[in-house]
Amino acid sequence: MFNWLKKPAEKATTTGENVNHPDAEPTPPVTELGDLLTLLAATEPVMRNIQHIVLVASGKGGVGKSTTAVNLAATLAQLGLRTGLLDADIYGPSIPLMLGLEGARADSPDNKLLNPKQAFGLSLQSIGFLVDPDKASVWRGPMASQALLQLINETLWPELDILIVDMPPGTGDIQLTLAQKLKVSGAVIVTTPQDVALSDAGKAITMFNQVKIPVLGLIENMSYYLCPHCGEADDIFGTAGGLRLAERYRVPVLGQLPLERQIREYADRGKPAVLKLQPIAEIYRTICHKMLTNMTGATAQQVEIIITDD
């Protein structure tokens, strides 16, 4: 349907010492990483060359989902997992920019299948490598869904322990297609504490429950702003909204990330912030450990949807 190959291919450190929210109580990992990797490897691969697929979703744009997906994938690679990252946002691919590959074009060994790109220890694929970055992808839902499936199935992925999929916003055709056509290990929900984001994040949780994809946990992004001068935390988008959402739907909380200027700066420069910003990197390591623990069932976390009238 999509003849992708019809045309020839054409440093700083964080200012804050401590970015942990004063109200947050860190939960120590309950299982050693080596044990988690052994449990992950013991499961049946979800598809050829790929052991696990994890979707990073939000239900709403503008909450830092793509930035979170990039840093999540980079952290997993640092932990020793063979990690891939798929940019599934057909209409607004941003992974090429965030990983220093803006303007890179797809290449193929046989004019049929696509080679993934490589950056920071990750194997990458994005619609951004295949379409003109200055033109809009004016596709209806079924066409975009078919394009995404081809992007997954026609990429020559190496052996991967985990493929992180940066999902587009919403709960429509693309999300349903992935749920129906792929064996997904789980989903991670990204939200900010503000009510307008929480509402859509709740819809995303409900959607994954309906299509039988386990929600591995919730990440509250832009949870607070930490003043680089005085160290005071300011909950500019609200206080603990993501934690209340997680409690309502009985979804595990993976972590809270600050609103940090340097995270945005590194994304714009094409580098994952976790490679340079140590406090941020430590938060992401904890998030990854909790996510992998929930994937293996090493803890008694149970995902259950509670619908209330409020």
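Oh and the sequence shown: position 114 is 126 in our numbering, straight run, nothing missing. Glycine residues also receive a C-beta, built at the ideal position from the N, C-alpha and C atoms.
Assign residue i to buried or exposed, taking buried as 16 or more other Cβ atoms, counted over all protein chains shown, within 10 Å of its Cβ.
{"i": "T55", "result": "exposed"}
{"i": "C300", "result": "buried"}
{"i": "D101", "result": "buried"}
{"i": "Y236", "result": "buried"}
{"i": "V286", "result": "buried"}
{"i": "E44", "result": "exposed"}
{"i": "T50", "result": "exposed"}
{"i": "R152", "result": "exposed"}
{"i": "D280", "result": "exposed"}
{"i": "K193", "result": "exposed"}
{"i": "P170", "result": "exposed"}
{"i": "E4", "result": "The chain is shown only over 13 to 322; residue 4 falls outside these bounds and no answer can be derived."}
{"i": "P270", "result": "buried"}
{"i": "Y103", "result": "exposed"}
{"i": "R60", "result": "exposed"}
Just curious, the alpha helix (DSSP H) that residue i is in, first and last residue?
{"i": "K77", "result": "77 to 90"}
{"i": "D144", "result": "Premise fails: D144 is in no alpha helix (DSSP H) and is neither H nor E."}
{"i": "A53", "result": "45 to 53"}
{"i": "A293", "result": "290 to 308"}
{"i": "I225", "result": "Neither: I225 is in no alpha helix (DSSP H) and is coded neither H nor E."}
{"i": "L125", "result": "Premise fails: L125 is in no alpha helix (DSSP H) and is neither H nor E."}
{"i": "I107", "result": "107 to 110"}
Grab me the residues of residue i's own chain with a C-beta within less than 6 Å of its C-beta, minus the 5 sequence neighbours each way, in chain order.
{"i": "S138", "result": "D99, P105, I107, P108"}
{"i": "Q187", "result": "none"}
{"i": "V177", "result": "L67, L98, A100"}
By Cβ distance, which residues of its chain are closer than 7 Å to residue i, with the 5 residues on each side in sequence left out?
{"i": "M303", "result": "V200, L228, G229, L266"}
{"i": "L48", "result": "L304, T305, T308, A310"}
{"i": "A191", "result": "V223, I225"}
{"i": "C242", "result": "none"}
{"i": "F141", "result": "P108, A116, R117, A118, K129"}
Quick one: residues in its chain with C-beta nearer than 8 Å to the C-beta of residue i, no 5 flanking neighbours on either side, listed in chain order?
{"i": "E244", "result": "L238"}
How would you write the range of the beta strand (DSSP E) that residue i sits in, first residue to last?
{"i": "K129", "result": "129 to 131"}
{"i": "L7", "result": "No answer is possible for residue 7: it lies beyond the span of the chain, which begins at 13 and ends at 322."}
{"i": "I65", "result": "65 to 69"}
{"i": "V202", "result": "198 to 203"}
Is the CB of residue i under 8 Å away from at least one CB in chain D?
{"i": "R297", "result": "In the structure shown, chain D does not exist; there is a single protein chain."}
Comparing the CB of residue i with every heavy atom of the ligand NAP, is any distance shorter than 7 Å?
{"i": "V263", "result": "With respect to small molecules bound, the structure shown includes none, and the ligand NAP cannot be examined in it."}
- Message: Between the segment 66 to 83 and the segment 200 to 210, can you find at least three pairs of beta-carbon atoms closer than 8 Å?
- Response: yes
- Query: Curious, which full-length beta strand (DSSP E) runs of at least 3 residues does the segment 244 to 275 contain?
  - Reply: 265 to 268
- beta strand (DSSP E) segments (min. 3 residues) lying fully within the segment 161 to 193: 174 to 178
- Query: Per the contact definition of three or more C-beta pairs closer than 8 Å, is the segment 155 to 171 in contact with the segment 202 to 214?
  - Reply: no
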